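Engineer:
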Amino acid sequence: MMLRLEPRSEPSRLATWLSPLAALLATLVIGATVFAWLGFDPWQALFVFFIGPVNSWYGVSELLLKASPLILIANGLAPGFRANVWNIGAEGQLILGALGATGIALAFDGVEAGWLLPLMLVSGTVCGIAWAAIPAFLRTRFRANEILVSLMLVYVAGYLLSYLIHGPWRDPEGYNFPQSILFPASALLPTVSDEGRLNISIFFALGVTLLCWFFTKKSWLGFQMRVTGLAPEAALYAGIPVNRTVWLGLLLGGACAGLAGACEIAGPLGQLTASVSPGYGFAAIIVAFVGRLHPIGIVFAGLLLSLLYLGGEAAQVHLGLPSAITGLFQGALLFVLLGADVFIRYRLRFVFSRLAAVESVPPLLEPDKPALPASHH
40 MMLRLEPRSE PSRLATWLSP LAALLATLVI GATVFAWLGF DPWQALFVFF IGPVNSWYGV
100 SELLLKASPL ILIANGLAPG FRANVWNIGA EGQLILGALG ATGIALAFDG VEAGWLLPLM
160 LVSGTVCGIA WAAIPAFLRT RFRANEILVS LMLVYVAGYL LSYLIHGPWR DPEGYNFPQS
220 ILFPASALLP TVSDEGRLNI SIFFALGVTL LCWFFTKKSW LGFQMRVTGL APEAALYAGI
280 PVNRTVWLGL LLGGACAGLA GACEIAGPLG QLTASVSPGY GFAAIIVAFV GRLHPIGIVF
340 AGLLLSLLYL GGEAAQVHLG LPSAITGLFQ GALLFVLLGA DVFIRYRLRF VFSRLAAVES
400 VPPLLEPDKP ALPASHH
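Numbering-wise, the working numbering puts 100 at position 61 of the sequence shown, and it's gapless, one number per residue.
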């Protein structure tokens, strides 16, 4: 008797939603195994990683604070992913958003005005859109692969950030640290409460979630993008503009990533630094797929990935583990999810070995019916 993967007649909706849960459980098992291999008590280590960071209001506020950019970026990427437009450069677009907002803050340094913060957010969003427009233009004009272009632009954005904070934007009184001056109070997002750093960016994330749900489920453009992703040939036959789909998919991701970058430097950081993002742009890709490209699912997936960031920090403090432990959990989650997704379109079937051997042998051609050339099939 042996196991065989056999195609389903149609994708399983149950497997679609159970797959992330199975991936999460498998990731916990992998994590416990790694902790045991490193000499830690698995239960205590998992408690430190997953429970300890959120056992107080401050911990919950930090969870929501780190989830905000993940939810923002993932919701911006999801419509493009549904249309097979693969924006892998959200990290670079986040950096450009932070640079755009910082440029406004520095240009109006010393100005205490209510319009400064909104202008910073708009500037960050526009800069993220402009950076995403580069792969969109190259894809639609020269058929360049948007995956490679958007990914390579992440490194360009990183070098631009490094140049600015080591050069013209470096704080002259910052003891040569690569950082800008501290922003004034008028350039900072208001906090939700006095106990913690959580600011109103969480409401931006929830607002974008509602807008993305409406765009995906209720708008004509969202419907066209879904059709393009599910049936590209049918979309061409229906006259849906492919180039417009590419532009929309990339620019939506760039706008949300740019806004997330502006919120980061106007929120918990309060200035531009070299570590403006701990990898939110890349982690948001995992969030989008764990959340099944659905706005509500993305919210829960964003909270989960945010918990992994907090757990990684707690593991560094209490267990003495390196920061790479966060990437290990993120990578394991994505890897196991990809494996679990196989069962959406396939099922396991037990077959007897003798029957399997017979089925695996190709049928013999009859002597009086020779095989036709391949071009005649």
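Using N, Cα and C, we set each Cβ at its ideal position, and we do this for glycine too.
Nothing here was measured: the structure is a model prediction, and the numbers come from that model.
In angstroms, rounded to a whole number, what distance separates the CA positions of Pro92 and Phe86?
Structural biologist: 9 Å
Engineer: Alpha carbon to alpha carbon, how far is Met41 from Ile383?
Structural biologist: 21 Å
Engineer: Count the other C-beta atoms from every protein chain shown that fall within 10 angstroms of the C-beta of Arg47, then say buried if there are 16 or more, exposed otherwise.
Structural biologist: exposed
Engineer: For Pro211, count the other beta carbons within 10 Å of its own beta carbon; 16 or more makes it buried, fewer makes it exposed. Which is it?
Structural biologist: exposed
Engineer: For the putative contact between Gly167 and Leu135, defined by C-beta atoms under 8 Å, what is the C-beta separation to the nearest angstrom?
Structural biologist: 6 Å
Engineer: By how many angstroms is the C-alpha of Ile337 removed from the C-alpha of Leu404?
Structural biologist: Bear in mind that a pLDDT of 48 at Leu404, under 50, signals an unreliable position, so the number given afterwards is only what the model happens to contain. Their backbone Cα atoms lie some 53 Å apart in a straight line.
Engineer: Among Arg331, Leu138, Gly261, Leu199, which has the Cα closest to the Cα of Leu287?
Structural biologist: Gly261
Engineer: For Leu250, would you say it is in contact with chain C, using Cβ-to-Cβ distances shorter than 8 Å as the test?
Structural biologist: No chain C appears in the structure shown, which is made up of a single protein chain.
Engineer: Closer than 8 Å is the cut-off here; do at least three beta carbon pairs connect the region 56-70 with the region 360-376?
Structural biologist: They touch, by the three-pair rule.
Engineer: Cβ of Thr312 within 8 Å of Cβ of Val124?
Structural biologist: In this structure, Val124 does not lie closer than 8 Å to Thr312 by Cβ.
Engineer: Take Pro406 and list the residues in its own chain whose beta-carbon comes closer than 8 Å to its own, dropping the five residues that flank it on each side.
Structural biologist: In this prediction, Pro406 scores a pLDDT of 49, lower than 50, which makes its location untrustworthy; the coordinate-derived value is nonetheless stated afterwards. Within the same chain, Pro406 has no close Cβ partners at all.
Engineer: To the nearest angstrom, how far is it from the Cα of Ser485 to the Cα of Pro229?
Structural biologist: Any property of residue 485 remains undetermined from this structure, which presents the chain solely from 40 to 416.
Engineer: With DSSP as the reference, please indicate the residues paired to Gln218 in a beta bridge.
Structural biologist: Thr312
Engineer: Does the region 99-110 come close enough to the region 321-335 that 3 or more CB-CB pairs lie under 8 Å?
Structural biologist: Because the criterion of three Cβ pairs below 8 Å is met, the region 321-335 and the region 99-110 touch.
Engineer: In three-state DSSP terms, what is Asn114?
Structural biologist: DSSP places Asn114 in helix when its eight states are reduced to three.
Engineer: Is the distance from the Cβ of Phe160 to the Cβ of Leu346 below 8 Å?
Structural biologist: One point to set straight first is that residue 160 is Leu, not Phe, in the sequence displayed. Going by C-beta atoms, Leu160 is not nearer than 8 Å to Leu346.
Engineer: Starting from Leu387, follow the beta strand (DSSP E) in both directions and report where the run begins and ends.
Structural biologist: 385-390
Engineer: Across which residues does DSSP place Glu45 in a beta bridge pair?
Structural biologist: Arg386
Engineer: Applying the criterion that 16 or more other CB atoms from any shown protein chain within 10 Å of the CB defines a buried residue, is Leu156 buried or exposed?
Structural biologist: buried
Engineer: With contact counted as at least three CB pairs below 8 Å, one residue from each stretch, are the region 196-205 and the region 127-143 in contact?
Structural biologist: The region 196-205, when compared against the region 127-143, does touch it at the 8 Å Cβ threshold.
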